[in-house]
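Student: For the sequence shown, position 358 matches number 358 in this note's numbering, and the numbering has no gaps at all.
Right, I'll just put the structure down here and ask away after.
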Amino acid sequence: MRICVIGAGYVGLVSAACFAEMGNRVSCVERDPGRVARLASGQSPIYEPGLDAMLQAHLASGQLSFTDQLDEGIKQAGVIFVAVGTPSGEDGSADLSHVLKVADELGLLLEHECLVVNKSTVPVGTAERVAQRINNRLSARGKGIVITLASNPEFLKEGSAIEDFMRPDRVIVGCDVPLGHDILRRLYAPFLRNHERLLCMGLRAAEFSKYAANAFLATKISFINEMASLCARLNVDIEDVRRGIGSDKRIGTHFIYAGCGYGGSCFPKDVRALIRCAEQEGMEPGILRAVEARNALQKTLLFQALREHFTGYWQGRVVAIWGLAFKPGTDDLREAPSIVLLDALLAVGVRVQACDPVATPALAERYGAAISSGQLRLSTSPYSVVEGADALMLVTEWKQFRQPDFARIRGLMRMPVLFDGRNIYDAQHLAEQGFLYRGIGRPALGHCKASAA
Ligand SMILES: NC(=O)c1ccc[n+]([C@@H]2O[C@H](COP(=O)([O-])OP(=O)(O)OC[C@H]3O[C@@H](n4cnc5c(N)ncnc54)[C@H](O)[C@@H]3O)[C@@H](O)[C@H]2O)c1
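Right under this line is the structure:
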């Protein structure tokens, strides 16, 4: 098929590369000419494992191309995917300006019948608004062509986006006429060869399913985090409780890890948008509000624990942070818990030495002043950032942080204190290694003696 994907971000770029991988001819339209130039040279502007190699292969084969010209991108495309951002607006609702702008532009440029598929996460009723805007402009131009609208929300996860796209748990296709279901069933058939998991429904149900999925996952996280806070008061280890409840099939093992809060480009904004949607419908979204409030609190816990540990005395302190991206496997810093911690530490005048395997360039862009003043030092080496530190905060559980050389770390730190924001370490083992260990919802273990260094 000939496909156009509008928006070369985490979703658009991965979708375009994966559709090309299955032999489709894909043109990806991106409004940022800098991004287009980078992409045309085979370099991904975002970090996603395996993406660079796919881009290079399909640019070379001619299956994939990039442009900043919408008219060029949509030429001959039978299916046009819209994968532009839908960030939070000021009141928390989804800001649809990018989606609606694309609709207007399509209405002004389309010359042929096609299926327009919305992949961006959008509130119920958006596809109808998009159709109306396209059709208004087509009629004004005297074009009698039929445009069919479909909703195909995306469920990929940053860090394993290609794998998720190539082998999806399910593909949801919303359309109010059979044509959309038929076209997308054909397009997705190679991705679903071993299991029939294409779920067809109406436009509005598809749009809502995406929000409900993200809100449910966020709820699981906030629930376990609330349990963790109670565990901390009751001298119970939340990790034992997690194992205890996760073995129940009705609960399951996923998304019940206590930690320093969820971030990213989806959960926070999608929970907010759903809250706003409920308010607009005159409904009180009590659960969603609690989920959001708990998450905001959770993001402050590491700083609170550190303040308690230093008894509010910050002068001359050096703090190391491991992991800045909102989760492992990505360079995405949107709403990352690390940002809340970093801002709080910089505000009290602490010196921060932070490490992340891929997100330091993105962080450097935001914290230029702190870097220039010497208050913040960034590195990709976990050992260099713990040198002379009074505490190490594990914020993002990248694989390279899972089994470090603790004896070496102990020797490098001024005070061997470890705050484990993702509960990935064995508390007992760390205490035996001479660390003071504190996790989320776990009893503190160990004593802290200054290292000989
Ligand atoms: N990031 C994820 O993990 C993820 C997962 C599932 C769904 N989603 C949803 O998918 C949508 C896209 O998310 P993302 O993370 O890929 O966003 P993103 O911000 O990474 O990318 C959006 C891209 O669209 C481009 N763009 C905006 N307006 C444009 C226009 N008029 N023409 C061409 N390009 C334009 C931007 O320049 C940007 O490169 C959002 O609605 C998001 O909620 C994201």
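We put the CB at the ideal spot given by N, CA and C, even for glycine.
All figures in this text were calculated on a predicted structure; none of them were measured in a lab.
At a cut-off of 6 angstroms, would you count alanine 8 as near ligand 1, judging by its Cβ distance to the nearest heavy atom?
Tutor: yes
Student: Which residues does DSSP pair with leucine 149 in a beta bridge?
Tutor: Val116
Student: Ends of the alpha helix (DSSP H) at methionine 54?
Tutor: 51-61
Student: Given this structure, state the Cα-to-Cα distance separating asparagine 136 from threonine 148, to the nearest angstrom.
Tutor: 14 angstroms
Student: Could you check which residue in Ala273, Pro45, Val14, Ser160 has the C-alpha nearest to that of alanine 94?
Tutor: Ala273
Student: Let me check understanding here. Comparing Cα to Cα, which of Arg250, Phe223, Lys249 lies closest to isoleucine 238?
Tutor: Closest in C-alpha terms to isoleucine 238, from the list Arg250, Phe223, Lys249, comes Phe223.
Student: Using a threshold of 7 angstroms, state whether the C-beta atoms of leucine 106 and isoleucine 134 are closer than that.
Tutor: The answer is yes: Cβ separation under 7 angstroms.
Student: Quick check on the burial criterion: 16 or more other C-beta atoms within 10 angstroms. Buried or exposed for alanine 452?
Tutor: Only weak support is given to the placement of alanine 452: the predicted model assigns it a pLDDT of 40, under 50, and the value that follows is read from those uncertain coordinates. Classification of alanine 452: exposed, given that the 10 Å Cβ count is below 16.
Student: Going by the C-beta, is lysine 101 closer than 6 angstroms to any heavy atom of ligand 1?
Tutor: Yes, since a heavy atom of ligand 1 falls inside the 6 angstroms radius drawn around the Cβ of lysine 101.
Student: Is the beta carbon of serine 120 sitting closer than 7 angstroms to the one on lysine 269?
Tutor: Judged by their CB atoms, serine 120 and lysine 269 are not nearer to each other than the 7 angstroms cut-off.
Student: Can you check DSSP and say which residues form a bridge with alanine 391?
Tutor: Val319
Student: Can you tell me whether alanine 83 is buried or exposed? The criterion is at least 16 other CB atoms within 10 Å of its CB, across all chains shown.
Tutor: buried
Student: From isoleucine 172 to asparagine 118, what does the alpha carbon distance come to, in whole angstroms?
Tutor: Note on geometry: alpha-carbon atoms of isoleucine 172 and asparagine 118 lie some 11 angstroms from one another.
Student: By the three-class DSSP mapping on this structure, what secondary structure does alanine 452 have?
Tutor: Here alanine 452 scores only 40 on pLDDT, less than 50, and its place in the model is too uncertain to base an answer on.
Student: Which residues share a DSSP beta bridge with serine 65?
Tutor: According to DSSP, which records beta bridges pairwise, serine 65 is partnered with Ser27.
Student: Cutting at 7 angstroms between CB atoms, please list the residues of its own chain near tyrosine 367, excluding the five before and the five after it.
Tutor: Leu376
Student: At the level of alpha carbons, what is the spacing between alanine 370 and leucine 394?
Tutor: Here the alpha carbon of alanine 370 sits roughly 21 angstroms from the alpha carbon of leucine 394.
Student: Would you say the beta carbon of glutamate 163 comes nearer than 6 angstroms to a heavy atom of ligand 1?
Tutor: no
Student: Looking at the structure shown, is glutamine 280 part of a helix, part of a strand, or coil, going by DSSP?
Tutor: helix
Student: Would you be able to state if there are at least three C-beta pairs under 8 angstroms between the segment 281-294 and the segment 244-252?
Tutor: no
Student: When the Cα of arginine 317 is compared with those of Glu207, Val271, Val358, Leu392, which residue comes out closest?
Tutor: Leu392
Student: Can you tell me the Cα-Cα spacing of lysine 399 and aspartate 71, whole angstroms?
Tutor: 43 angstroms
Student: Just curious, the beta strand (DSSP E) that isoleucine 6 is in, first and last residue?
Tutor: Where isoleucine 6 is concerned, the enclosing beta strand (DSSP E) starts and stops at 2-6.
Student: For leucine 445, which of helix, strand or coil comes out of DSSP?
Tutor: In the structure shown, leucine 445 sits in a strand (DSSP, three-state: E or B).
Student: What would DSSP say about isoleucine 440, mapped onto helix, strand or coil?
Tutor: coil
Student: Taking a contact to mean a Cβ-Cβ separation below 7 angstroms, would you say methionine 166 touches glycine 78 in this structure?
Tutor: no
Student: Are three or more beta carbon pairs between the segment 184-191 and the segment 35-46 nearer than 8 angstroms?
Tutor: no
Student: Based on the DSSP output, what are the partners of cysteine 200 in its beta bridges?
Tutor: Val173
Student: Check each candidate in His98, Gly73, Val130 and name the one with the smallest Cα separation from glutamate 111.
Tutor: Gly73
Student: Following the continuous alpha helix (DSSP H) through leucine 138, name the residue where it begins and the one where it ends.
Tutor: 126-140
Student: Is it buried or exposed, glycine 7, if we count other Cβ atoms within 10 angstroms and call 16 or more buried?
Tutor: buried
Student: Would you check if the distance between the CB atom of asparagine 423 and the CB atom of glycine 439 is smaller than 7 angstroms?
Tutor: Against a cut-off of 7 angstroms, the Cβ pair of glycine 439 and asparagine 423 comes out as a contact.
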